[in-house]
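Reviewing the structure listed below.
Number of protein chains: 4
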Amino acid sequence: MIIVMQRQATPAQVDGVVQYIRDNGLQEHVSRGAELTIIGAIGDENKLDLAHLEILPGVERATRIAKQYKIVARDTHPQGSVVNVRGIPVGGPQVQIIGGPCSVETQEQMNLSADAVAAAGCSMMRGGAFKPRTSPYAFQGLGVTGLEYFQKAAKRHNLPVVTELMDVRMLDTFMAYDVDVIQIGARNMQNFDLLKEVGRVNKPVILKRGLSATIAEWLMAAEYIAAGGNHNIIFCERGIRTFETAYRNVLDITAIPVLKRETHLPVIVDPSHAGGKAWMVPALAQAAVAAGADGLLIEMHPSPCDAWCDADQALTPEELKTLMGSLRAIAQAIGRHV
Amino acid sequence: MIIVMQRQATPAQVDGVVQYIRDNGLQEHVSRGAELTIIGAIGDENKLDLAHLEILPGVERATRIAKQYKIVARDTHPQGSVVNVRGIPVGGPQVQIIGGPCSVETQEQMNLSADAVAAAGCSMMRGGAFKPRTSPYAFQGLGVTGLEYFQKAAKRHNLPVVTELMDVRMLDTFMAYDVDVIQIGARNMQNFDLLKEVGRVNKPVILKRGLSATIAEWLMAAEYIAAGGNHNIIFCERGIRTFETAYRNVLDITAIPVLKRETHLPVIVDPSHAGGKAWMVPALAQAAVAAGADGLLIEMHPSPCDAWCDADQALTPEELKTLMGSLRAIAQAIGRHV
Amino acid sequence: MIIVMQRQATPAQVDGVVQYIRDNGLQEHVSRGAELTIIGAIGDENKLDLAHLEILPGVERATRIAKQYKIVARDTHPQGSVVNVRGIPVGGPQVQIIGGPCSVETQEQMNLSADAVAAAGCSMMRGGAFKPRTSPYAFQGLGVTGLEYFQKAAKRHNLPVVTELMDVRMLDTFMAYDVDVIQIGARNMQNFDLLKEVGRVNKPVILKRGLSATIAEWLMAAEYIAAGGNHNIIFCERGIRTFETAYRNVLDITAIPVLKRETHLPVIVDPSHAGGKAWMVPALAQAAVAAGADGLLIEMHPSPCDAWCDADQALTPEELKTLMGSLRAIAQAIGRHV
Amino acid sequence: MIIVMQRQATPAQVDGVVQYIRDNGLQEHVSRGAELTIIGAIGDENKLDLAHLEILPGVERATRIAKQYKIVARDTHPQGSVVNVRGIPVGGPQVQIIGGPCSVETQEQMNLSADAVAAAGCSMMRGGAFKPRTSPYAFQGLGVTGLEYFQKAAKRHNLPVVTELMDVRMLDTFMAYDVDVIQIGARNMQNFDLLKEVGRVNKPVILKRGLSATIAEWLMAAEYIAAGGNHNIIFCERGIRTFETAYRNVLDITAIPVLKRETHLPVIVDPSHAGGKAWMVPALAQAAVAAGADGLLIEMHPSPCDAWCDADQALTPEELKTLMGSLRAIAQAIGRHV
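Read top to bottom, the protein sequences are chains U, P, L and E. The first sequence begins at 449 in this note's numbering and counts up by one. The second sequence begins at 449 in this note's numbering and counts up by one. The third sequence begins at 449 in this note's numbering and counts up by one. The fourth sequence begins at 449 in this note's numbering and counts up by one.
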């Protein structure tokens, strides 16, 4: 911790800070400059309370030096870790493409989706049975019936299923229905009770970034899951909220190299929700792979015109197939494969 | 709904949109300009799917006209509604000041807090037993024991208690401990399952604005609660996330007059979390009252230096008392009282 | 300057940083913790280049400690300074209200405006002769003719004139027409050549905050003016750009107490541009005075329906008069006057 | 223009709007729904004033339908246009890489830079002689001497020179020194007088996006240049300001496909300023090419450790060469070349 004293701080105030540091079991290091005095606190920073330091007399501000995330930090696992989803490695040289509709609608729609996803060469399938909707009057998902349709469809092609969990009370059901990857949505990134619960199970978790979550908050949300014992975490960038209104969200491509440096865990991207329009998906998906993403979550619907939600952002099966071609070429250009 | 056709849209494409509108039971109104054709869909907009319209051939974009919130809209209740908290009216001429510590720590701390809150002339008391913390390693609140301490302390002054609910599974406990006002925190503003549950009980709810929630999303979150049958909703502006780093959040004072126009429900402000520093609280609290807020949620601690969390944003009992004086004067200046 | 070394930094890398610090004439202060080594550089921080330090081998990051603004910093002038506009003090106990239309249109419109501004009790008058417009096809202001109309109208009531300068080449004209206060608009807050030029004249300058300028950048922009010799600077908060779309900008009320702490110069607020609608102005204006603003810049038009620009945000003369009443009461409530 | 009437609007108020529309030479189209009345104004929207409409009695809000940019709109030039820089086409199948240092320092540094830029296979060279700096005390560029050094160095490899113009008064000098591409920096994107002046010369202009400029504002800024007669405009995305503090700016990759759809003009990307760190540049540069950018502006310095500004974001000559290899492979993967 670094404590910057106010310009007019007295020696007694400096002593007060020193005493506080010692009382908490750390060592101080006082640097007296011509204009300012700076105090470094050496030792376990977590024993100090930033807010307490900032209200000690004479203190201008205090700043943490150590990062607060531990288990998910790359420091603790420099070579990068791979999350195993039923034998499919996320985080290795292969870029995993996860395709499927926004929401589960009918058995037939899911069967057609699974066929298209498999035919395009995707390695996993996505689909929502529980849907977070802005309006209470909008379709909220088929619920448990949706999980059934999904599993039945996905099994025909041996595709692992990826689906969103919104409510802690449904976790047992997700386990019973053998969901392969639990997705935590953007709005729940800091639903701490939900994070704690998925931290207690042994299932891969896709943790989407909150709409306005900083990288540091996102890493701390993952730390909540990891602290419970579940280290099978996959980060998913899905666009952030900014001032721009020409598209739904701004895909934060910079998050990819930055997360790769900060954490050993894999990072995937959802280009469909970021832009919000199907015609933007190819450019964003290509950019994500070129920037080093370990996978993509792409919306596809057998017939977008009939989709029950987000019809405008789903690719057709044909468009997905074409996009897979470009993604393969780009992955190769940077020494990976799809 | 207004549908703007692309410049080069064909008559057949216009017909396609018209057919879609009619198929959904609405009427069309086609305006052909020199450059653009615009189609209005007259009737119940909720029968139309915006995303579907936007992928019909020839459509440039579609825009909703009607607001999606109904119960909470001022249109439905033009004169403004008052939420009754054990006889204390929120939303009337009196500005309600709710004081208390960030978190419940000990029985003694809560007793001292209740004494100070009552002495300053506040009408309700706040305090957190369950704390949403960015880090899994930080103090997470005393839990149920905290509710006990809180109730015991508040009862001595007959102060209604306001406390945050984070987990749906704790709602019964909140009812059993007779919490007077359930607070939904910023991070849970779109925790839809939680909103649905508090919509089913008959308790006043303070709904804090999400860090980057738009006014429209906030109103829709309240609509989730209202749709369940609970109309005792109090909006609480607590600062939004922007690019500025000199303070924690930006208190969005404009939200006050805008909400007052859009909804009939009361609006309060939390100046403590917005700025994040005790020395900013008086200016922000005064501004909020001057802008028309129906109440304030102010952090105070009997001894901020010893506070277990957010020590730097809590007022001392003395500072709270002084601030109450200014707030009284400002309320009077605009024809209200504290 | 504080330099945090990477966890795996070698002793030789620490030495490299120490050498760099000494080579630039500063002294180092090395703190070796269990996990991290931190180096403080004591002396004139401006001699060090942050970017250079950050690319030295083994460096994790470097952070400035000293503030980069000097002349405008409160440290250099603790008691607060007053800017004198033809005898009217900005920054003292009186809150100065500056009223007038968005743009100068005709002599008659300016005469009526000046009459209304004076009748309402405002102390200065605003109006734009040169208008920054998003579209090249929109009305760009009357130019020099506008300055003439403005001066003629204002003189009848001895009101100092406040008007915006957009182009360095017009500064001589502004001096010739004896403009009393030069306004630098939000879009030009970092037009450094313009700042340098107004720094060379002896005229009060209102420096509006850029749409997404941080407090630190704003202070540095003022420092540009001050470094040229002109210390008559008035900060004007006018709303910042955020994700919210329900109103034009978010008035950043927190900027008032924060600026008051960081700089000795006066701070005023423009509630008209912030919200963008006349009906929002009273709430925002009242909040600004309650939060400690030294003045307000309020748009008023003798007949808003006929205004050539921003018709929807101008108050009528009657509305301005009513608002002045509330502002007087609020100012008194906090020990000031209007 | 679409005008939505308030729910309680009277027939007389609807008539008032209709009259206003007719008075301005447009035709109305009234749609009366069960809940709301909507009025379409058919004809030349620019004859209507949005703000005027919004203050007519009974009006809830008005919305433009037509886009305000004309010359730069893709509608007017569907096949995409190519900007010619001394025979080098920007906007065709070749992706143009523009390399060079942040600022011009010495003749030797520029010669070494030019050698490295040419050796890496870049087609143009960048370098700043006039530098917009946040602090008035920082190095402000070599000025005219810098232009001389730059031209001398670039000529040895016949590289067109790209450099930033900050002040209208320097435009003649830029013409005299035969600058090949005038760059307008982010902070000057809405310096309208500067835009008007570069609109009068016949030189390619790179228009950088303002830090918080919307796509629509950016297009309007280009329209200012185009309206003056200069259609040789190249858009340059360079990162936007958001809430994220882990990196300088967020590269808005979505802007590429969106601009490509809205305008016929070429779009390039500056990955160096966006992230602010050299180690982020490869991922961002690769993403930009994969997303369809027509070129890149990349900072390179013969010896970053000695750079006078932004040392931490410059690539070394070796790193630039390596990056060019990846960019070539990615360009090929999507059917283009570098």
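Don't be surprised by glycine CBs; every beta carbon is placed ideally from N, CA and C.
CB residue i to CB residue j, shorter than 9 Å?
{"i": "Arg509 (chain P)", "j": "Ile451 (chain P)", "result": "yes"}
{"i": "Arg512 (chain P)", "j": "Glu493 (chain P)", "result": "yes"}
{"i": "Ile426 (chain E)", "j": "Ile682 (chain E)", "result": "It is not possible to answer for residue 426 (chain E), since the shown part of chain E is limited to 449 through 786."}
{"i": "Gly594 (chain P)", "j": "Gly576 (chain P)", "result": "yes"}
{"i": "Ala777 (chain U)", "j": "Ala566 (chain E)", "result": "no"}
{"i": "Ile701 (chain E)", "j": "Asp742 (chain E)", "result": "no"}
{"i": "Met775 (chain U)", "j": "Leu745 (chain U)", "result": "Strictly speaking, residue 775 (chain U) in this sequence is Leu, with Met absent from that position. For Leu775 (chain U) and Leu745 (chain U), no; Cβs fall outside 9 Å."}
{"i": "Val531 (chain E)", "j": "Asn650 (chain E)", "result": "no"}
{"i": "Pro502 (chain L)", "j": "Ala759 (chain E)", "result": "The sequence shown places Glu at residue 502 (chain L), not Pro. Contact flag set, yes."}
{"i": "His712 (chain P)", "j": "Val520 (chain P)", "result": "yes"}
{"i": "Ala694 (chain U)", "j": "Ser720 (chain U)", "result": "no"}
{"i": "Gly723 (chain E)", "j": "Leu699 (chain E)", "result": "yes"}
{"i": "Gly491 (chain P)", "j": "Gly481 (chain E)", "result": "yes"}
{"i": "Ala562 (chain P)", "j": "Ala601 (chain P)", "result": "yes"}
{"i": "Ala731 (chain E)", "j": "Pro526 (chain U)", "result": "no"}
How would you write the range of the beta strand (DSSP E) that residue i sits in, first residue to last?
{"i": "Val786 (chain E)", "result": "Looking at the DSSP string, Val786 (chain E) is not in any beta strand (DSSP E), and its letter there is neither H nor E."}
{"i": "Ala510 (chain U)", "result": "507-511"}
{"i": "Thr611 (chain L)", "result": "609-612"}
{"i": "Arg709 (chain E)", "result": "No beta strand (DSSP E) holds Arg709 (chain E); the alpha helix (DSSP H) holding it covers 703-710."}
{"i": "Val629 (chain U)", "result": "629-632"}
{"i": "Ile469 (chain U)", "result": "Where Ile469 (chain U) is concerned, there is no enclosing beta strand (DSSP E), although the alpha helix (DSSP H) it sits in stretches over 459-471."}
{"i": "Leu745 (chain P)", "result": "743-747"}
{"i": "Gln734 (chain L)", "result": "From DSSP, Gln734 (chain L) is part of no beta strand (DSSP E) but of the alpha helix (DSSP H) over 729-738."}
{"i": "Met637 (chain U)", "result": "Where Met637 (chain U) is concerned, there is no enclosing beta strand (DSSP E), given that its DSSP letter is neither H nor E."}
Taking residue i and residue j to be in contact with their CB atoms under 8 Å, please state how far apart those CB atoms are, rounded to whole angstroms.
{"i": "Arg522 (chain E)", "j": "Arg709 (chain E)", "result": "7 Å"}
{"i": "Phe485 (chain U)", "j": "Ala457 (chain U)", "result": "This sequence places Thr at residue 485 (chain U); Phe is not what is there. Indeed they touch by this definition, with Cβ atoms about 6 Å apart."}
{"i": "Arg784 (chain U)", "j": "Gln542 (chain U)", "result": "7 Å"}
{"i": "Met558 (chain P)", "j": "Phe598 (chain P)", "result": "6 Å"}
{"i": "Lys725 (chain P)", "j": "Ala568 (chain P)", "result": "Actually they do not touch by this definition, with Cβ atoms about 20 Å apart."}
{"i": "Ala675 (chain U)", "j": "Gly647 (chain U)", "result": "6 Å"}
{"i": "Ala739 (chain E)", "j": "Gln734 (chain U)", "result": "6 Å"}
Kindly identify the DSSP beta-bridge partner or partners of residue i.
{"i": "Cys684 (chain P)", "result": "P:Lys656, P:Ile716"}
{"i": "Ala489 (chain E)", "result": "E:Glu476"}
{"i": "Arg689 (chain E)", "result": "Looking at the DSSP assignment, Arg689 (chain E) forms no beta bridge with any residue, so it has no partner."}
{"i": "Ala521 (chain P)", "result": "P:Thr711"}
{"i": "Asn532 (chain L)", "result": "L:Pro537"}
{"i": "Gly548 (chain L)", "result": "L:Glu747"}
{"i": "Ile867 (chain L)", "result": "Past the edges of chain L, shown from 449 to 786, lies residue 867 (chain L), and the structure says nothing about it."}
Examine the ligand NAP and report whether any of its heavy atoms sits within less than 8 Å of the Cβ of residue i.
{"i": "Leu496 (chain P)", "result": "Among the components of this structure there are no ligands whatsoever, and the ligand NAP is therefore not found."}
Where do the N-terminal and C-terminal ends of the alpha helix (DSSP H) with residue i fall, by residue?
{"i": "Met668 (chain P)", "result": "663-675"}
{"i": "Leu643 (chain L)", "result": "640-646"}
{"i": "Gly576 (chain L)", "result": "Gly576 (chain L) -> no alpha helix (DSSP H), and no H or E assigned at all."}
{"i": "Asn559 (chain U)", "result": "555-568"}
{"i": "Val592 (chain U)", "result": "592-603"}
Residue i versus chain C: which residues are under 8 Å apart at the beta carbon?
{"i": "Thr693 (chain E)", "result": "Any reference to chain C falls outside this structure, whose protein chains are U, P, L and E."}
Does the region 742-755 of chain L touch the region 752-764 of chain P, meaning 3 or more C-beta pairs lie closer than 8 Å? no
Taking one C-beta from the region 571-588 of chain U and one from the region 609-624 of chain U each time, how about it: are there three or more such pairs within less than 8 Å? yes
Does the region 627-647 of chain P come within contact of the region 658-675 of chain P, defined as at least 3 CB pairs closer than 8 Å? yes
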